[in-house]
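Be aware that the sequence shown starts at 41, since it is given in my numbering, and climbs by one per residue.
The next block holds one structure in the form of structure tokens; read it before the comments.
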Amino acid sequence: MYKRQLCDLPVGDDPHTAPDVDGEFCCRGCLTVARSLDDVEDLDELDARRPDATPSEEFDGETTFLHVDGMHCATCESFLEMTAGEQEGVAAAEASYATDTIRVDYDPDAVSAEELPGRLSVAGYSASDRADPDAEDNDAVVRFLIGGGFFGMMAMLWYVLFLYPTYFGYEPIVDLGGVSGTYLFAQIWLFASIVLFYTGYPILRGAYVSLRARQPNMDLLVSLAATSSYAYSTLALLVGRTDLYFDVTIAVILVVTAGNHYESIIKRRATGMLADLTTTEDRTVRTEAGETLAADEVAPGDRLLVRPGERVPFDGTVAEGTAAVDEALITGESLPATKREGDPVRGGTVVTDSPVVIEVGEDAENTLDTLVRLLWEIQSSRSGIQRLVDRLATVFVPLVVAVAAVGAAATLALGSAPIDAALVGLTVLIVSCPCALGLATPLAVAAGIRDAAKRGIVVVSDAVFEAAPA
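Quick look at the structure:
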């Protein structure tokens, strides 16, 4: 039986083994991790996808991060990535709606960084330099919620006082067919309009983008339910009916918007831990002789002194000394690993007990690059279940629309009035509104990230919740 190392600690004379796991391990923790990894995928495939895996094609251009105002869902990500990919000089792009950011790899000889924001400001999105202090507006959704919540509560108050009692056979307090009723319904229509077109603007835009990208998503189905109930209620109001469903429009828009905002808050708090590191990281290093040197002046083969409590500034190998190195930020391993002469070390790890001299390796990644990469991975990660939900939406949305249309057509063919047939189709859309499907996964993941953050754990990929044993 061969020895397997997951944490750089030696496998002792009394190794931990299990009949369902190949290999011998230094501790029961590594054995449990290996069992989980074997359940998920082959370890060789896992190693090939590690963050430090060498890409198949080297990119010699530059990378920039842009803030994009208006990103709302995974379809927004796909649309912006597609738009960026169509621009001359752009090699690759990856967007993250959780933090309203897009990473663009581009050729500076073909397109400048100053031109990219203008080229990506399309379809209601506004791209700008992430370093611009005026670029990021995290209060936009809060304003949407406050405005929509106020007017939504006003409309729901009228429903509770004047309309809901009639559903149970009680006489209305006011004459719904007279001037008082017209005034009441006009207010409800106005409040519902504000909620739908102001608070629901990000959702409506997400639906529009999904149509342009030909990728039906949950925003499209939410928009269909909200706008259909709004349109039906408006027409019913014009013909003198009192069975109005503006409350459905208000509830759907506010619940989905609040859920999306909660997910965004939780993920921003988690990424804020690493963001603080990237802004406070020192840009200077110390040579073996004790001289201070700018980080961008370091060349492969230089020998750098790293004292206890300091971060290893570049990838390399230990040239002199022995020290325990905390690799938790990079690998997630909580116990420090002992590094001796000739052992490799990663930029961004922390020397904990004694000074060592590091020889910078070829194409070494510095600490800041490592932290920025980790920050981006946690910002842009999407769990497997979320991706599955997105794929299901491409089938689920057309299916629901088809069922609603068939139901309405069948009702009309049986001799019912057009407005009654429309009510059947509306009922299908409302019942199928994917509030649970669209919110359950992101809220569960966000709650997991939040609880992990409270315990001092930075979750680099939210897919770990799916891979973890029950």
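The C-beta atom is built at its ideal place from N, Cα and C for all residues, glycine as well.
Problem - For Val338, the nearest candidate out of Thr327, Gly187 and Asp283 (CA to CA) - result: Start at 1 with the first residue of the sequence shown, and residue 338 comes out as number 298. Of the candidates Thr327, Gly187 and Asp283, Thr327 places its Cα closest to the Cα of Val338.
Practice task
Just grab the DSSP bridge partners of Glu134 for me.
Solution key: Counting from 1 along the sequence shown, the entry for residue 134 is found at position 94. DSSP, once it has assigned bridges, lists Arg143 as partnering Glu134.
Exercise for the section: Kindly list the residues whose CB is nearer than 7 Å to the CB of Asp366, restricted to its own chain and excluding five residues on each side of it in sequence; keep chain order. Expected result: Mapped onto the sequence shown, residue 366 falls at position 326. Excluding residues within five positions, the ones whose Cβ falls inside 7 Å are Pro376, Thr389, Val390 and Thr392.
Practice task
Given a cut-off of 8 Å, decide if Ile142 and Ala150 are closer than it, judged by their beta-carbon atoms.
Solution key: In the sequence shown, the residue the question calls residue 150 occupies position 110. In the sequence shown, the residue the question calls residue 142 occupies position 102. No, these two residues do not count as a Cβ contact at 8 Å.
Handout entry: First and last residue of the uninterrupted alpha helix (DSSP H) at Val471
Key = Counting from 1 along the sequence shown, the entry for residue 471 is found at position 431. Where Val471 is concerned, the enclosing alpha helix (DSSP H) starts and stops at Pro458 to Val471.
Exercise for the section: Compute the distance between the beta-carbons of Val358 and Arg343, then report whether it is under 8 Å. Expected result: For this step, residue 358 is matched to residue 318 along the sequence shown. For this step, residue 343 is matched to residue 303 along the sequence shown. No, Cβ-Cβ distance for Val358 and Arg343 is not below 8 Å.
Handout entry: Cβ-based neighbour list, Leu452, same chain, cut-off 6 Å, excluding 5 preceding and 5 following
Key = Numbered from 1 along the sequence shown, position 412 holds the residue referred to as residue 452. So the list reads Ala461, once near-sequence residues are dropped.
Exercise for the section: Could you tell me if Ala442 is buried or exposed, where buried requires 16 or more neighbouring beta carbons within 10 angstroms of its beta carbon? Expected result: Locating residue 442 in the sequence shown gives position 402, counting from the first residue. The residue in question, Ala442, is exposed, as its Cβ has fewer than 16 Cβ neighbours within 10 Å.
Problem - Collapsed DSSP secondary structure at Ala298 in the structure displayed - result: Walking along the sequence shown from the start, residue 298 turns up at place 258. Helix, per DSSP.
Exercise for the section: Report the partner residues of Glu399 according to the DSSP bridge assignment. Expected result: The residue labelled residue 399 in the question sits at position 359 within the sequence shown. Beta-bridge pairing links Glu399 to Arg343 and Thr357.
Exercise for the section: Check whether the Cβ atoms of Leu156 and Thr123 lie closer than 8 Å to each other. Expected result: Position 116 of the sequence shown, counted from the start, is the residue given in the question as residue 156. Position 83 of the sequence shown, counted from the start, is the residue given in the question as residue 123. No, Cβ-Cβ distance for Leu156 and Thr123 is not below 8 Å.
Practice task
Compute the distance between the beta-carbons of Leu345 and Gly330, then report whether it is under 8 Å.
Solution key: Stepping through the sequence shown from its first residue, residue 345 is reached at position 305. Stepping through the sequence shown from its first residue, residue 330 is reached at position 290. Yes, they are a contact pair.
Exercise for the section: Could you check the C-alpha separation between Ser152 and Gly188 for me, to the nearest Å? Expected result: The sequence position of residue 152 within the sequence shown is 112, counting from 1. The sequence position of residue 188 within the sequence shown is 148, counting from 1. Each residue's alpha carbon lies about 40 Å from the other.
Practice task
Could you say which of Thr332, Gly299 and Asp145 lies nearest to Gln127 if we only look at CA atoms?
Solution key: In the sequence shown, counting from the first residue as 1, residue 127 sits at position 87. Looking at the Cα atoms, Asp145 is the closest of the given residues.
Handout entry: Simplified DSSP assignment, three categories, for Arg252
Key = As a working note, residue 252 is residue 212 in the sequence shown. It is helical.
Exercise for the section: In angstroms with no decimal places, state the Cα-to-Cα distance between Phe237 and Val130. Expected result: Position 197 of the sequence shown, counted from the first residue, corresponds to residue 237. Position 90 of the sequence shown, counted from the first residue, corresponds to residue 130. Each residue's CA atom was taken as its position, placing Phe237 and Val130 some 34 Å apart.
Problem - As assigned by DSSP and simplified to three states, the class of Leu284 - result: Mapped onto the sequence shown, residue 284 falls at position 244. Residue state for Leu284 is assigned as coil, using DSSP reduced to three classes.
Practice task
Express the C-alpha separation of Glu117 and Ser136 in angstroms, rounding to a whole number.
Solution key: Here the question's residue 136 lines up with position 96 in the sequence shown. Here the question's residue 117 lines up with position 77 in the sequence shown. The straight-line gap from Cα to Cα measures roughly 6 Å.
Practice task
For the alpha helix (DSSP H) holding Phe231, just list the boundary residues, first then last.
Solution key: Here residue 231 is taken as the residue at index 191 of the sequence shown, counted from 1. Residues Val219 to Ile234.
Problem - Where Leu454 falls: helix, strand or coil (DSSP) - result: On the sequence shown, residue 454 is found 414 positions in, with the first residue counted as 1. Three-state result, Leu454: coil.
Exercise for the section: Within 10 angstroms of the Cβ of Ile459, are there 16 or more other Cβ atoms? Answer buried if so, exposed if not. Expected result: In the sequence shown, residue 459 corresponds to position 419, counting from 1. Note on Ile459: under 16 other CB atoms within 10 angstroms of its CB, so exposed under the neighbour-count rule.
Problem - Nearest-angstrom Cα separation, counted from Ala163 out to Leu120 - result: The residue given as residue 120 occupies position 80 in the sequence shown. The residue given as residue 163 occupies position 123 in the sequence shown. Distance from the CA atom of Leu120 to the CA atom of Ala163, rounded to whole angstroms, is 10 Å.
Exercise for the section: Report yes or no: do the stretch 202-221 and the stretch 240-248 share at least 3 C-beta pairs separated by less than 8 Å? Expected result: By the Cβ rule, the stretch 202-221 does not count as touching the stretch 240-248, because fewer than three pairs are nearer than 8 Å.
Exercise for the section: For the stretch 287-299 and the stretch 265-279, state whether three or more C-beta atom pairs, one from each stretch, are separated by less than 8 Å. Expected result: Two segments are said to touch when three or more pairs of C-beta atoms, one from each, lie closer than 8 Å; by this definition the stretch 287-299 touches the stretch 265-279.
Practice task
Kindly indicate the opening and closing residues of the alpha helix (DSSP H) around Arg159.
Solution key: Within the sequence shown, the letter at position 119 stands for residue 159. Unbroken alpha helix (DSSP H) run through Arg159: Leu156 to Leu160.
Handout entry: Reduced DSSP secondary structure (H/G/I, E/B, other) of Ala195
Key = Residue mapping note: residue 195 aligns to position 155 of the sequence shown, counting from 1. In the structure shown, Ala195 adopts helical secondary structure according to DSSP, grouped into three states.
Practice task
Express the C-alpha separation of Gly240 and Ser220 in angstroms, rounding to a whole number.
Solution key: Translated into positions along the sequence shown, residue 220 becomes position 180. Translated into positions along the sequence shown, residue 240 becomes position 200. Within the model, the alpha-carbon separation for Ser220 versus Gly240 is close to 29 Å.
Problem - Cα-Cα separation between Asp109 and Val437, rounded to whole angstroms - result: Within the sequence shown, the letter at position 69 stands for residue 109. Within the sequence shown, the letter at position 397 stands for residue 437. Distance between the alpha carbons of Asp109 and Val437 is about 26 Å.
Exercise for the section: Check the DSSP bridge columns for Val385 and list the partner residues they point to. Expected result: Sequence index remark: in the sequence shown, residue 385 carries index 345 (1-based). According to DSSP, which records beta bridges pairwise, Val385 is partnered with Gly356.
Problem - First through last residue of the beta strand (DSSP E) which encompasses Thr206 - result: Counting from 1 along the sequence shown, the entry for residue 206 is found at position 166. From DSSP, Thr206 is part of no beta strand (DSSP E) but of the alpha helix (DSSP H) over Tyr204 to Tyr207.
Exercise for the section: Taking Leu469 as the reference, give the member of Thr362, Ser250, Leu197 and Asp259 with the closest Cα. Expected result: Locating residue 469 in the sequence shown gives position 429, where the first residue counts as 1. Of the candidates Thr362, Ser250, Leu197 and Asp259, the one whose C-alpha sits nearest the C-alpha of Leu469 is Asp259.
Handout entry: Exposure label - Ile186; buried when at least 16 CB within 10 Å
Key = On the sequence shown, residue 186 is found 146 positions in, with the first residue counted as 1. Classified as exposed, Ile186 has fewer than 16 neighbouring CB atoms from the shown chains inside 10 Å of its CB.
Handout entry: Residues bridged to Glu102 (per DSSP)
Key = Stepping through the sequence shown from its first residue, residue 102 is reached at position 62. BP columns for Glu102 point to Tyr146.
Handout entry: Own chain partners of Gly465 with C-beta closer than 7 Å, once the 5 adjacent residues on each side are dropped
Key = For the purposes of this step, residue 465 is taken as the residue at position 425 of the sequence shown. Cβ-Cβ distances below 7 Å link Gly465 to Ala444, Ala445, Gly447 and Ala448 in the same chain, with the five nearest sequence neighbours on each side left out; the list follows chain order.
Exercise for the section: Give me whichever residues DSSP pairs with Thr332 in a beta bridge. Expected result: Residue mapping note: residue 332 aligns to position 292 of the sequence shown, counting from 1. Arg326, per the DSSP bridge assignment.
Exercise for the section: Let me know the secondary structure DSSP gives Gly349 once reduced to three states. Expected result: As a working note, residue 349 is residue 309 in the sequence shown. In the three-state reduction of the DSSP assignment, Gly349 falls in the coil class, being assigned neither a helical nor a strand state.
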